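J.: Once you know that position 104 of the sequence shown is 104 in the numbering used here, the rest is easy, because the numbers rise by one and skip nothing. Sending over a structure as structure tokens; questions will come in a sec.
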Amino acid sequence: MRCLYLNWVFILSIALQITSINAFSAKHKLKTLVENSSLILSGKVETINSKIENEGKHDVVYTYVTLKIKSIEKGIINKKYVTIKMLGGKVGNQGGWSEHWFHFKKGEEAIVFLTQIDKKNNIWEIKSISGKLPFVDVKGDKKLDCSMLREDDLLKVNSDPYFEKDMIKELIKKYISGKKGGK
Numbered sequence: 001m002r003c004l005y006l007n008w009v010f011i012l013s014i015a016l017q018i019t020s021i022n023a024f025s026a027k028h029k030l031k032t033l034v035e036n037s038s039l040i041l042s043g044k045v046e047t048i049n050s051k052i053e054n055e056g057k058h059d060v061v062y063t064y065v066t067l068k069i070k071s072i073e074k075g076i077i078n079k080k081y082v083t084i085k086m087l088g089g090k091v092g093n094q095g096g097w098s099e100h101w102f103h104f105k106k107g108e109e110a111i112v113f114l115t116q117i118d119k120k121n122n123i124w125e126i127k128s129i130s131g132k133l134p135f136v137d138v139k140g141d142k143k144l145d146c147s148m149l150r151e152d153d154l155l156k157v158n159s160d161p162y163f164e165k166d167m168i169k170e171l172i173k174k175y176i177s178g179k180k181g182g183k
């Protein structure tokens, strides 16, 4: 009986891991990102560093992206910078890729949806493939690339995935106030 129980625990743990992986790789609606992120901010990439860390019997490459905070849309942080940790990157001739790795460029600006993983060192992670909305140049205008968001009412209105920053920030505020019981 104990063996059967352990088999079910093993199967359940595998199923939960698969669900977690699928949750990351699936596109999310803006509202879902707002509800599931403890910190939402607009920032500019200051540094990008990859390093090898030992995890048990394996060496793993992580990339650390430091953003200078331009504005905070949700959450509280008394710092000028945040660091995002991502699995993947390249160090010398050793590297790795993960769907949890986002391409960042120095000087790039983006709105990111974050969850803290190391409070002492101010380390955060992006928990969704939709969790980075970069600013892009669209015919001379600076807009947010929302192509990784799951289609919702917002994306049904506009046939292209590029939106004004103020429109997205207003929706974020709306979703935050809605969660607190507002309209």
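For each residue, glycine too, the CB sits at the ideal point set by N, CA and C. Please read all numbers here as calculations on a predicted model, not as lab measurements.
State the Cα-Cα distance for the pair asparagine 93 and serine 37, rounded to the nearest angstrom.
T.: If you take the alpha carbons of asparagine 93 and serine 37, they lie about 34 Å apart.
J.: Tell me which same chain residues have a C-beta within less than 6 Å of the C-beta of glutamate 53, skipping the five on either side of it?
T.: Closer than 6 Å at Cβ, skipping near neighbours: Val60, Tyr62.
J.: On the DSSP bridge assignment, give the partners of proline 134 in chain order.
T.: Bridge partners of proline 134: Ala110.
J.: Using C-beta distances below 8 Å, list every residue in its chain close to lysine 201, excluding the 5 sequence neighbours before and after it, in chain order.
T.: In the structure displayed, the chain extends from 1 to 183; residue 201 sits before or after that span and is not available.
J.: Under the DSSP definition of a beta bridge, which residues are partnered with aspartate 145?
T.: Tyr162.
J.: In angstroms, rounded to a whole number, what distance separates the CA positions of glycine 56 and tryptophan 97?
T.: Computed Cα separation, rounded: 19 Å.
J.: If you run the structure through DSSP and keep just helix, strand and coil, what is phenylalanine 49?
T.: Here residue 49 turns out to be asparagine, not phenylalanine, going by the sequence shown. Asparagine 49 falls in the strand class under three-state DSSP.
J.: Could you check how far apart the C-beta atoms of glycine 91 and lysine 51 are, in whole angstroms? I think they sit under 8 Å.
T.: The question names glycine, yet the displayed sequence has valine at residue 91. Confirmed, Cβ separation roughly 6 Å.
J.: By Cβ distance, which residues of its chain are closer than 7 Å to phenylalanine 102, with the 5 residues on each side in sequence left out?
T.: Excluding residues within five positions, the ones whose Cβ falls inside 7 Å are Met86, Ile126, Lys132.
J.: Considering just the uninterrupted stretch of the alpha helix (DSSP H) at aspartate 31, what are its terminal residues?
T.: With the sequence shown as reference, residue 31 is identified as lysine, and aspartate is not the correct amino acid for it. That run of the alpha helix (DSSP H) goes 30–36.
J.: On the three-state DSSP scale, how would you describe glycine 252?
T.: Lying outside 1 to 183, the shown extent of the chain, residue 252 is not represented and no answer is given.
J.: Measuring straight from C-alpha to C-alpha, what distance separates glutamate 35 and alanine 110?
T.: Rounded to whole angstroms, glutamate 35 to alanine 110 spans 19 Å at the Cα level.
J.: Can you give the Cα-Cα distance for glycine 140 and lysine 120, rounded to whole angstroms?
T.: Taking the straight line from one Cα to the other gives about 41 Å.
J.: Identify the residues that DSSP records as bridge partners of asparagine 54: which are they?
T.: Paired residues: Asp59.
J.: Just to confirm, are leucine 144 and lysine 165 a CB contact at a threshold of 8 Å?
T.: In contact: leucine 144 and lysine 165 (Cβ atoms closer than 8 Å).
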